[in-house]
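Below: one structure, written as structure tokens.
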Amino acid sequence: MTQPQNFNLLLWLDLPVTNLDASIAFYSAIFDQPLRDARPHSASASLQFSGAGSGLTLIERAHSLEPAAAMLPYFNCQGRLPQAIARVRLHGGVLVQPIQSIEPFGQRAVIQDPDGHLIALHSAE
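Next comes the structure, spelled out in structure tokens:
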């Protein structure tokens, strides 16, 4: 299946941080854009680079994981999330978290690829 020209494979990254205020200041300065602070609803802040995807969400955690192990890329499976998940085990992967709502952003499932990388598969539907 051919994807539309404006299709973004990588939607956003969840990046765990230990100090949300300092991280908001850092990434706002680096990208020269304000982040949307979701507090008090959620201990997170987001930066969306385009309306079609490509963003960053900082998630405050008391204890950070190793940076490489903590990052969770979201890959676009728009309109075909159940089909993509059905193929995970067939190709040596593991379903870590079944489809769940992440409103208002749609739904996701978290998988582990054959090399052990955690990946979120996402659909806005």
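With the UniProt record's numbering as the guide, the letters of the sequence shown map in order to residues 1 to 125. C-beta: ideal position from N, C-alpha, C; glycine also. Note that this is a predicted model, so its numbers are computed, not measured.
Start-to-end residues for the alpha helix (DSSP H) that takes in residue i
i: Arg87; result: 81-88
Residue span of the beta strand (DSSP E) that contains residue i, given as start and end
i: Ile102; result: Counting along the chain, Ile102 falls outside any beta strand (DSSP E), and DSSP gives it neither H nor E.
i: Pro16; result: 10-17
DSSP beta-bridge partners of residue i
i: Ile111; result: Leu95, Ile119
i: Arg36; result: Ser46
i: Tyr74; result: Ala120
i: Ile59; result: Pro16, Ser44
Reduced DSSP category for residue i - H, G, I as helix; E, B as strand; rest coil
i: Ala69; result: helix
Cβ-Cβ separation, residue j to residue i (assumed contact under 8 Å), whole Å
i: Leu13; j: Pro73; result: 6 Å
Buried versus exposed, by CB contacts within 10 Å (16 or more), residue i
i: Ser44; result: buried
i: Gln122; result: What sits at residue 122 in the sequence shown is His, not Gln. Counting Cβ neighbours within 10 Å, His122 comes out buried, since at least 16 surround it.
i: Asn19; result: exposed
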